[in-house]
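Here's the structure, in structure tokens; my notes come after.
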Amino acid sequence: MKLWSRAAMLAAMMMLAACRVSDQDNAAQPANETAAIAPILATPDANDIHSFARPLEARVHHVALDLTVDFDAKRIGGTAILDIDRKPDAKEIVLDDKGLEIESVTDGSGKALAFKVGAKDENLGSPLAIALAPDTRRIAIRYKSAPGAEALQWLTPEQTAGKKHPYLFSQGQAILNRTWIPTQDSPGIRQSWEATIRVPAGLTAVMSAPRSAEPITQGGESVFKFRMDNSVPPYLIAMAVGDLEFEPLGPRSGVWTEPAMLKAAAAELADTERMIDAAEKLYGPYRWGRYDMVVLPPSFPFGGMENPTLTFLTPTFIAGDKSLTSLIAHELAHSWSGNLATNATWADFWLNEGMTTYATTRIVEAVYGPKVAAQQVALGHDAMNAAIVDNGGPSGPDTRLHLDLKGRSPDDGLTDIAYEKGAAFLRTIEVAVGRERFDAWLKGWFSRHMFEPVTTSIFLADIRDNLIKGDSGLETKLALDQWVSQPGIPANLAPADPQAFAEVDGAVTAFKNGAQPSPEVWKRWTTDEKLRFLTRLDKKQPTARLASLDRAYGLANAGNNEVRFAFLTLAVAARYDPAIPALEQFLLMQGRRKFVRPLITALATDATWGRPIATRVYARARPLYHPVTIRDLDKLGLGGAVTGQVLTAK
Ligand SMILES: [Zn+2]
-12 MKLWSRAAML
-2 AAMMMLAACR
8 VSDQDNAAQP
18 ANETAAIAPI
28 LATPDANDIH
38 SFARPLEARV
48 HHVALDLTVD
58 FDAKRIGGTA
68 ILDIDRKPDA
78 KEIVLDDKGL
88 EIESVTDGSG
98 KALAFKVGAK
108 DENLGSPLAI
118 ALAPDTRRIA
128 IRYKSAPGAE
138 ALQWLTPEQT
148 AGKKHPYLFS
158 QGQAILNRTW
168 IPTQDSPGIR
178 QSWEATIRVP
188 AGLTAVMSAP
198 RSAEPITQGG
208 ESVFKFRMDN
218 SVPPYLIAMA
228 VGDLEFEPLG
238 PRSGVWTEPA
248 MLKAAAAELA
258 DTERMIDAAE
268 KLYGPYRWGR
278 YDMVVLPPSF
288 PFGGMENPTL
298 TFLTPTFIAG
308 DKSLTSLIAH
318 ELAHSWSGNL
328 ATNATWADFW
338 LNEGMTTYAT
348 TRIVEAVYGP
358 KVAAQQVALG
368 HDAMNAAIVD
378 NGGPSGPDTR
388 LHLDLKGRSP
398 DDGLTDIAYE
408 KGAAFLRTIE
418 VAVGRERFDA
428 WLKGWFSRHM
438 FEPVTTSIFL
448 ADIRDNLIKG
458 DSGLETKLAL
468 DQWVSQPGIP
478 ANLAPADPQA
488 FAEVDGAVTA
498 FKNGAQPSPE
508 VWKRWTTDEK
518 LRFLTRLDKK
528 QPTARLASLD
538 RAYGLANAGN
548 NEVRFAFLTL
558 AVAARYDPAI
568 PALEQFLLMQ
578 GRRKFVRPLI
588 TALATDATWG
598 RPIATRVYAR
608 ARPLYHPVTI
618 RDLDKLGLGG
628 AVTGQVLTAK
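First residue of the sequence shown: -12, per my numbering; consecutive thereafter.
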């Protein structure tokens, strides 16, 4: 592996910038002239308080990146060329910037443009204001990301499965891409994009866009080119670089991952084509070409991220029996909800996640049958009810679907209210109007708003125009405004099937009376059934009963990470010492925020028994975790960073 010296890299980048700009200016047509520029919504509820951009004055519509990945310095550097659309009298364009090192800003002909980085906000970063001449239509920014850029996780060879090569991946949602791409980082400002990515020879770069040329390797580096012609919200620009190999799964799907994980990943993802077919039947054509996935190293903080054409996945979904693949149905469903029709601001995150959670269950039903789907609905209701409790009870303002995030991080809206209350809302409408009518409306929603930003008020207007159509009885029955604007769960909630888990719920009652399911019964149960059982048990179990469960089913070291997590949650609540080695191993082998945040938080808030364990494990785990995960956990004051207030339960 060879990395350029800083001076050589700078010189080369300056040459490239000059070539790129003049090449493009000489071209007969702008790069994406054929693609329509996506609209900017002008209503007050579409104003994104998490971006400094003023898109109604001047907005980015295409981004062309030419970047070199420097693993030694842990920085990405090069050029971003932005094509802009502007009012004739606009004096400046404002971009989002969080810690970028800006070297120069020029226009399309290479003439310097004045720029100013404004005061830094902890959540948002800084405005980057660039002065516009009357004829400026293109801006070239030479820059580098900071070594601590929050969107980027740099892994040492030891942190990968293969142990030989370094690894890099990005995570843009919600507002992290401004740490490595200087653009208007708002979901309401859709942009087409292209990228040339230079990495050390031998490594492979993949992005959330099709390749636009075959990779070239020479002089110690490999060069990859990508191009996304559809306009996307900029949080969906994503990259992974590592020792990656590809295995096809079907005619339009496949998986990238490290060679050591390729066979297991491909086997787990064998149902992908069936899921795409099912999703298309429900929601219309898949509009992104290929559906590939990259299975990342274990420190990826999320289950999955719906980056277009290339879903990013945690390896923790690999259970060996395809029992956790509803995660794929979820990320795939985002190809419609979220990626085609996108929340214009993070206050309407439920439009991305609630719709996707609803659609996930429908895809799961089509592929795995109605019983599995009914169970997922029931588990969803459990999660929704827990989220109501965690967010201040039925009158808590954060239990509304349309959120008020003023002065807050968009991550505050990342709760099961958006996911599960949102899904329950849509299912309630489905049950009220009948599946056939609802499906026709939802399919129409995606085609009416494809490649566009949407808000809760656009959703309400669309459903009134195209589904309710003046039926005042139906309007009253649905209670739409109450669902989106009021806290808590409206009384018209379509209930989950009470028989969905009849056998398991019976076993929970029997357990309270001292009985325990036989190992044969446990083995027969699906993952959802096991999860229902474990999450329905009283939290403070006597340790002898946990020992009995663990002995019978091997839970502390279960290969299914969801089941393992559910048991370790009980173990921490009950101060069950024999599970501690397995707990430590679990916290050190993966960094999925859904798993590590609640476990470490529960340990840390148990001052006498748990906190010393949390302190010991976090000191070792912290270097393995993603910046997104670390930012949350550092607030627990366990050491390793600046301490802050203790997290509220979320
Ligand atoms: Zn999602």
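Glycine residues also receive a C-beta, built at the ideal position from the N, C-alpha and C atoms.
Backbone CA spacing between residue i and residue j [nearest angstrom]
i	j	result
residue 568	residue 556	14 angstroms
residue 454	residue 481	18 angstroms
residue 558	residue 552	10 angstroms
residue 244	residue 483	37 angstroms
residue 622	residue 494	39 angstroms
residue 260	residue 277	11 angstroms
residue 57	residue 145	18 angstroms
residue 89	residue 131	7 angstroms
residue 64	residue 134	11 angstroms
residue 159	residue 503	45 angstroms
residue 217	residue 510	46 angstroms
residue 370	residue 407	7 angstroms
residue 562	residue 360	34 angstroms
residue 560	residue 533	11 angstroms
residue 301	residue 252	11 angstroms
residue 443	residue 34	13 angstroms
residue 46	residue 170	9 angstroms
residue 129	residue 198	23 angstroms
residue 358	residue 189	47 angstroms
residue 323	residue 590	39 angstroms
residue 608	residue 59	22 angstroms
residue 118	residue 619	37 angstroms
residue 537	residue 604	22 angstroms
residue 73	residue 299	34 angstroms
Distance between beta carbons of residue j and residue i, contact taken as under 8 angstroms
i	j	result
residue 415	residue 404	In fact, because the Cβ distance is near 15 angstroms, the residues do not count as touching under 8 angstroms.
residue 246	residue 255	The pair is not a contact, with the Cβ atoms about 16 angstroms apart (cut-off 8 angstroms).
residue 281	residue 227	5 angstroms
residue 397	residue 474	Wrong, their Cβ atoms sit about 19 angstroms apart, outside the cutoff.
residue 344	residue 367	7 angstroms
residue 293	residue 615	In fact, because the Cβ distance is near 16 angstroms, the residues do not count as touching under 8 angstroms.
residue 418	residue 330	So it is not a contact: roughly 25 angstroms between Cβ atoms.
residue 471	residue 388	5 angstroms
residue 625	residue 602	5 angstroms
Residue i: CB within 8 angstroms of a non-hydrogen atom of ligand 1
i	result
residue 325	yes
residue 303	no
residue 340	yes
residue 344	yes
residue 407	no
residue 389	no
residue 318	yes
residue 293	yes
residue 321	yes
Limits of the unbroken beta strand (DSSP E) element including residue i
i	result
residue 226	226 to 229
residue 183	178 to 187
residue 200	198 to 205
residue 244	240 to 244
residue 440	439 to 441
Endpoints, the alpha helix (DSSP H) within which residue i is located
i	result
residue 469	467 to 472
residue 576	567 to 576
residue 616	614 to 620
residue 211	No alpha helix (DSSP H) contains residue 211, which is instead part of the beta strand (DSSP E) from 208 to 219.
residue 174	That residue, residue 174, is in no alpha helix (DSSP H); it is neither H nor E in DSSP.
residue 597	597 to 608
residue 590	580 to 592
Exercise. Can you check the region 391 to 428 for any alpha helix (DSSP H) of at least 4 residues that lies completely inside it and give the ranges in chain order?
Key: 409 to 420
Exercise. Go through the region 310 to 378 residue by residue and report every complete run of the beta strand (DSSP E) that reaches 3 residues or more, in order.
Key: 328 to 330
Quiz prompt | Any beta strand (DSSP E) of 3 or more consecutive residues that is wholly inside the region 253 to 320 | solution = 278 to 282, 297 to 300
Quiz prompt | 4 or more residues per run - each alpha helix (DSSP H) lying fully within the region 482 to 565 | solution = 489 to 499, 506 to 511, 514 to 523, 530 to 540, 548 to 560
Quiz item: What are the start and end residues of each continuous beta strand (DSSP E) run of 3 or more residues lying completely inside the region 44 to 106, in chain order?
Solution: 45 to 57, 62 to 73, 79 to 84, 88 to 94, 102 to 104
Self-check item: Complete runs of the beta strand (DSSP E) confined to the region 114 to 155 [at least 3 residues]
Solution: As far as the region 114 to 155 is concerned, its whole beta strand (DSSP E) runs of at least 3 residues are 125 to 131, 139 to 142.
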